[in-house]
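Quick notes on the structure that follows.
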Amino acid sequence: MPRTVSELFDSVARAAQGKLPARVVGDPAVPIEGVAGLETAGPGELAFLANLRYRQQAQQSRAGAVVLAQDQYKELFPRGREQGVAIVCDAPYAWFAFAAQELAPVPSATPGRAANAAVDPQAQVHPGARIDDFAVLGPGVVVEDGAWIGAHCFLGAGARVGAGTRLYAGVRVYHGCRIGRRCILHSGAVIGADGFGFAPFQGAWVKIPQTGAVELGDDVEIGANSTIDRGSAGDTVIGEGVKIDNQVQVGHNCRIGAHTAIAGCVGIAGSAIIGAHCQLGGASMIHGHLTIADGAIIGAGTLVSRSLPQPDFYTGVFPMMRNRDWERNAALVRHLVEMRDRIRRLERQLSSAQAPQNRPESTP
Amino acid sequence: MPRTVSELFDSVARAAQGKLPARVVGDPAVPIEGVAGLETAGPGELAFLANLRYRQQAQQSRAGAVVLAQDQYKELFPRGREQGVAIVCDAPYAWFAFAAQELAPVPSATPGRAANAAVDPQAQVHPGARIDDFAVLGPGVVVEDGAWIGAHCFLGAGARVGAGTRLYAGVRVYHGCRIGRRCILHSGAVIGADGFGFAPFQGAWVKIPQTGAVELGDDVEIGANSTIDRGSAGDTVIGEGVKIDNQVQVGHNCRIGAHTAIAGCVGIAGSAIIGAHCQLGGASMIHGHLTIADGAIIGAGTLVSRSLPQPDFYTGVFPMMRNRDWERNAALVRHLVEMRDRIRRLERQLSSAQAPQNRPESTP
Amino acid sequence: MPRTVSELFDSVARAAQGKLPARVVGDPAVPIEGVAGLETAGPGELAFLANLRYRQQAQQSRAGAVVLAQDQYKELFPRGREQGVAIVCDAPYAWFAFAAQELAPVPSATPGRAANAAVDPQAQVHPGARIDDFAVLGPGVVVEDGAWIGAHCFLGAGARVGAGTRLYAGVRVYHGCRIGRRCILHSGAVIGADGFGFAPFQGAWVKIPQTGAVELGDDVEIGANSTIDRGSAGDTVIGEGVKIDNQVQVGHNCRIGAHTAIAGCVGIAGSAIIGAHCQLGGASMIHGHLTIADGAIIGAGTLVSRSLPQPDFYTGVFPMMRNRDWERNAALVRHLVEMRDRIRRLERQLSSAQAPQNRPESTP
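Chains as they are written, first to last, in this note's numbering: chain F, 883 to 1246; chain L, 883 to 1246; chain S, 883 to 1246.
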């Protein structure tokens, strides 16, 4: 659906509700059909500049329009951008995101129900919702207007799916779990499986029934094959606007604050409380029963084993080396206490060595 | 299903087969309807005290009954518990678990077969089993009494599911794999996919056929989206009572001893032999072709790269810091060998420095 | 299907296209029915020797035939192998792999289409392909000759599956993704879910539409519950012959070179470019927007946070210890900068201490 820079500009302004001031430098009638990277974009495409590291790619880009920040624009194009339009704004990535949404709108659900879906007579499906092949909806399920339940999805008894939410093929929502509005759940996501709760008894494990559920707020996205466990008693709660990547595990009774972003392969143990606006790097691991402050950033691969009351950027990963260097250095990690003790001994020796040494000089 | 403390007490005694001595302090006629945490529990609810850290919550709890240990009881309630009943026993968490099972019993399978399930004529399904919508059972499959095969489950040719076992929606069991009795498998679990076996040849990989299968003992629980690979030759064996959380990967030919508990996101490479009664912390990683002793405990995030013949508590994770501290400290991890050498040199210098220094004094 | 060593020998030679020279020592008429490990193999079975560490098992093995290298043969069986045949060749593991494939051939797809599959009228399914129960094929899907689409698989609009490829039960391929020929995708694999792309705006996240797709080359294997995200613009590309184990996450726009092997639980962030013939150890984590050289080997559990322009073997994991040792040593990792500074101070002190000490000696 080609449109002009000018039309796109107006659409983005509307989508951002006027909160994303920008200006067009160049011909607003240039047609834009899609987005691409700076290097591959052609005259009908929109690209954006993330970082001045990509200075050269930006200057040489054939993109019909480039979105970038004011200071980037000044530095890279002191005489204007010759090859096309520049869209100059404070938040170029957000502008690009809104524009990309305009250019590649998500198809909305065509209302209807596949004849081969198994919908319990006691499920309430809004006529504006769409139910695909072989989906299974249990008794008491509620699916709101505009929701799209993909093929092979399973909604257990009493599960609820909010308006405009899309479940891709093969999502499983256990009984009693509630999904907000405008959420996106990708294939293989499992919402509401039992939390991992067992009491030791006589050398075996006694299962603690998991009687809570899961609540996902509005505008949540859950990646492929991610799992959010139901609460043991009380719910596991994912706040509005939270974005969770693939293969993430969230344990029972966790609470994740609004607009937190969780990258792939992260594991969060039970009863962890993650603040709002946090960012958890890929494959980071969060212990259970701790609290992380709003706005904290956890580096990829970092294990968080205690509460973080202060927002900051935290890291804890072993630096990578060539294996032969690692073998020698890592062995010494086991001997740091000994190394510290040797340093202490040296300090003591040196201080007492210097003392008698100085003595003769001071008492001539 | 409300019941009195007294009824609950009797039920737990039966479930624990008399091996969990306990006593009730207070009114045994108090009704209990469910379980909750110490802080949120009301008069009709049962809570338990895990730890004296929660002393205040226990003393202030409005719970109808609190389960706790004898010494905790003595310390917290020297004059008895005023707000309700106390249940005093040696293993309060186990008592609580049995009580919770009584209060929230797992629904058992209503026998029957969904008309839209695809059951091979050569599959043997016990009349007491339940087969849900769109399940697929291949030839030679055996499903025993009381087993519950959820919607969209797949049982490959010759797979067996023991009595009373529940497969939630969307579990896949490859051909020839055997699931014990009273197991629970959560959505997305995959039992018996090919192990990762390839021989290098001329710059490419030649696949080793994986001709073994998977055997799960009785009372095993497998979490959502966990995967247990079939053996290359011979089986992958999960012992009875083993509890595996979500997103766990168990490689081909592993053997996991009875009653071992494996937390979320753990990866176990092929041919590892894990003892009985072990505990593997979340996101720990176990190399292949090694042996871990019965009773070993592995901390979260720890990489185990060699056999552990002794049970102990093992850890290996980089401590988390603020990122700016990490950048400076982690860089030095690469130079530990050099630091050690500098310490050695100092020690030598100091010892030789002290020698001549002493000489003049000793030979005046 | 029993056959003689001689027949097996000829089959392997054909499969390896004459590139795997070998010789038989012993009776070529010995019948072989299957493969097994050195210790368990009986007279009708083939085993192979990986390593001289297993010297004793090899010498005592009752296997009908053992595959091993020339120098191993010379050392272990100076007077020939008494209990059976030896197959001596340069690449014993590859020879074993080809032989195992002969002895346990993968069943090929019986052409046909389950009556209960939901195949869009605009899907093109080759008459030589097989479509199993409850599979869903969208409009524009192409399935080539000999491909086998398992039960509960989902192929979104325009997805393509190459000749001879097998999708086990419950694989999801999103719209527009392309799978090569002779690939194997295991249950729960998700190909083409949205990449994780969001722009921050006013404290929330704006989704970047993911308009690319995924392309898998020929002879690729994808493990159970692994996920390969579609590109944001442009495709995520997995080269021919790449082998990916279970629970692996590949982010959007990654490019993975031919014949690279990726073990279980690996996470690769977006836009990483992994070379050909690399090996990524289990649970290793690769940052986004970096490049790894052809042939690099990454140790298990290693976080790769920068480009690796040179092929080498890289490692970065904290060495495991008993927890009480870890607590003391790990605490010191946080103080390495301080330790280094103390060493420096000692060096300075000692050098200035020695200076005056030497002076009297040098100026008598």
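Ideal placement from N, C-alpha and C gives every residue a C-beta, glycine not left out. The model shown is predicted, which means the values in this text are computed figures rather than measured ones.
query, result
"Name the residue from L:V1186, L:I1104, L:H1134 whose alpha carbon lies nearest to the alpha carbon of T1118 of chain L.", "L:H1134"
"Go through its chain and collect everything with a Cβ distance to P974 of chain L's Cβ below 7 Å, but skip five positions before and after it.", "F930, L931, V949, L950, A951"
"Distance check for A1115 of chain L and P925 of chain S, CA to CA, integer angstroms please.", "16 Å"
"Nearest-angstrom Cα distance between L1228 of chain L and F1200 of chain L?", "28 Å"
"Is H1169 of chain L buried or exposed, if buried means 16 or more other CB atoms sit within 10 Å of its CB?", "buried"
"Return the Cβ separation of E1122 of chain F and A1140 of chain F in integer angstroms, given the expectation that the two are a contact with Cβ distance under 8 Å.", "5 Å"
"Please confirm if W977 of chain F has its CB atom under 8 Å from at least one CB of chain L.", "no"
"Evaluate the contact criterion for the region 1202 to 1218 of chain L versus the region 1181 to 1191 of chain F: three or more CB pairs, one atom per stretch, below 8 Å.", "yes"
"Have a look at S1244 of chain S and Y1196 of chain L and give me their C-alpha separation to the nearest angstrom.", "Its pLDDT being 37, under 50, S1244 of chain S is placed unreliably by the model, and the measurement read from it follows with that caveat. If I take the Cα positions, the gap works out to 56 Å."
"Any C-beta of chain S sitting closer than 8 Å to the C-beta of N1205 of chain L?", "no"
"Using alpha carbons as the reference points, say which of F:A1005, F:G919, F:P1082, F:A1151 lies closest to H1024 of chain F.", "At residue 1024 of chain F the sequence reads Val, which differs from the His that was named. That would be F:A1005, whose Cα lies nearest to the Cα of V1024 of chain F."
"So that I know if they touch, is there some Cβ in chain S lying closer than 8 Å to that of H1159 of chain F?", "yes"
"For S1233 of chain S, would you say it is in contact with chain F, using Cβ-to-Cβ distances shorter than 8 Å as the test?", "no"
"Answer yes or no: do L985 of chain F and I914 of chain F have a C-beta to C-beta separation smaller than 8 Å?", "yes"
"Within the same chain, show all residues whose beta-carbon is closer than 8 Å to that of F980 of chain L, passing over the 5 residues directly before and after it, in chain order.", "S893, V894, A897, A898, L902"
"Out of F:D1111, F:W977, F:D1101, F:Y936, which one is the CA nearest neighbour of G1071 of chain F?", "As written in the sequence, residue 1071 of chain F is Ala, which differs from the Gly given in the question. Cα-wise, what sits closest to A1071 of chain F is F:D1111."
"Could you check if L934 of chain F is buried or exposed, using at least 16 other CB atoms within 10 Å of its CB as the buried criterion?", "exposed"
"Taking its Cβ as the centre, do 16 or more other Cβ atoms sit within 10 Å of D909 of chain S, making it buried, or is it exposed?", "exposed"
"Over what stretch of residues does the alpha helix (DSSP H) that includes E957 of chain L continue unbroken?", "952 to 958"
"Tell me which residues share the same chain as T992 of chain S and place their Cβ nearer than 8 Å to its Cβ, disregarding the 5 neighbours each side in the sequence.", "R1012"
"Short of 8 Å Cβ to Cβ, which residues in the region 910 to 942 of chain L face chain F?", "G916, V917, A918, G919, T922"
"Going by C-alpha to C-alpha distance, which of S:D972, S:I969, S:V1132, S:A1051 sits closest to I1155 of chain S?", "S:V1132"
"So, under 8 Å CB-CB, F1036 of chain F and A947 of chain L are touching, yes? Tell me the CB distance rounded to an integer number of Å.", "That pair is no contact at about 37 Å."
"Just the Cα atoms here: how many angstroms apart are V912 of chain L and Q941 of chain L?", "18 Å"
"Among the residues of its own chain, which have a CB less than 6 Å from the CB of C1059 of chain L, if the five just before and after it don't count?", "A1041, I1073, G1074, A1095, V1096"
"Tell me, to the nearest whole angstrom, how far the beta carbon of A999 of chain L is from that of F1016 of chain L; I am working on the premise that it is less than 8 Å.", "7 Å"
"At the 8 Å Cβ level, is C1065 of chain S part of the contact set with chain L, yes or no?", "no"
"On the CB-based measure, 16 or more other CB atoms within 10 Å of its CB, does G1079 of chain L come out buried or exposed?", "buried"
"Let me check understanding here. Comparing Cα to Cα, which of S:D1002, S:A1081, S:A1086, S:D1100 lies closest to A1045 of chain S?", "S:D1100"
"With a 10 Å radius around its C-beta and 16 neighbouring C-beta atoms as the bar for buried, classify Q1092 of chain L as buried or exposed.", "buried"
"Give the secondary structure of R944 of chain L by DSSP, where H, G and I count as helix, E and B as strand, and everything else as coil.", "coil"
"Using CA atoms only, rank isn't needed, just tell me which of S:G1028, S:L1185, S:F1083 is closest to G994 of chain S.", "S:G1028"
"For Y936 of chain S, which of helix, strand or coil comes out of DSSP?", "helix"
"The alpha helix (DSSP H) with F930 of chain S in it runs from where to where?", "Not the alpha helix (DSSP H): F930 of chain S falls in the beta strand (DSSP E), residues 927 to 930."
"At which residues does the beta strand (DSSP E) containing V1088 of chain F begin and terminate?", "1086 to 1089"
"Whose C-beta lies closer than 6 Å to the C-beta of G1113 of chain L among residues of the same chain, with five residues either side of it excluded?", "G1094, H1134, N1135"
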